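In this note's numbering, the protein residues as written are -11 to 110. C-beta: ideal position from N, C-alpha, C; glycine also. Since the structure is predicted, the reported quantities are computational estimates derived from the model, not experimental observations. These notes are about the structure you will find just below.
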Amino acid sequence: MSAYVIAKHIHQVTAVVLIALFVFRGVLMFAGSPLLKQRWLSVIPHINDTVLLAAALYMAWLVGFQHWVVAKLIALVLYVALAIVALKRGPTRPIRAAAFVAALLVLAYLVAVGVTKRVIPV
């Protein structure tokens, strides 16, 4: 198995974990659950995100920074900003909810671009 394929599988698995953890943390936040304050829920996402980003950068280095890769990087920055508003910095519940939905839409875009390798996935 090539290094690219291994990195791709690592990237895909960590992307699924990112989405699952984001949804889980969002549900806990909207439910007002004290579980959200558990240390592992602040540590594991950062570890996962680091592995995800490392695999992505390695694959980008292998294939070159093509237009779709740049689009994913820009969308990633947007996702991070929206996730911060949704989970921590949103001043009101409606703003957090809107940021949460917007972050999920950006995640869907990231997955679609990754699958189609097109800036505008069709």
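Query	Result
R(-8) versus T80: straight-line alpha-carbon distance, rounded	Position check: residue -8 holds Tyr in this sequence, whereas Arg was assumed. For Y(-8) and T80, the distance between alpha carbons rounds to 43 angstroms.
For R106, three-class secondary structure by DSSP	coil
Residue from P33, R77, L70 whose Cα sits closest to the Cα of A87	L70
Assigned secondary structure, I30 (DSSP; H/G/I helix, E/B strand, else coil)	Per the sequence shown, residue 30 should be read as Ser rather than Ile. S30 falls in the helix class under three-state DSSP.
At least 3 beta-carbon pairs within less than 8 angstroms: the stretch 27 to 34 vs the stretch 45 to 55	no
Where M17 falls, given that 16 or more other Cβ within 10 Å makes a residue buried	buried
Cut-off 8 angstroms between Cβ atoms - residues of its own chain near R13, not counting five sequence neighbours on either side	L24, L29, P33, L75
Beta-carbon proximity check, V99 vs A59, cutoff 7 angstroms	no
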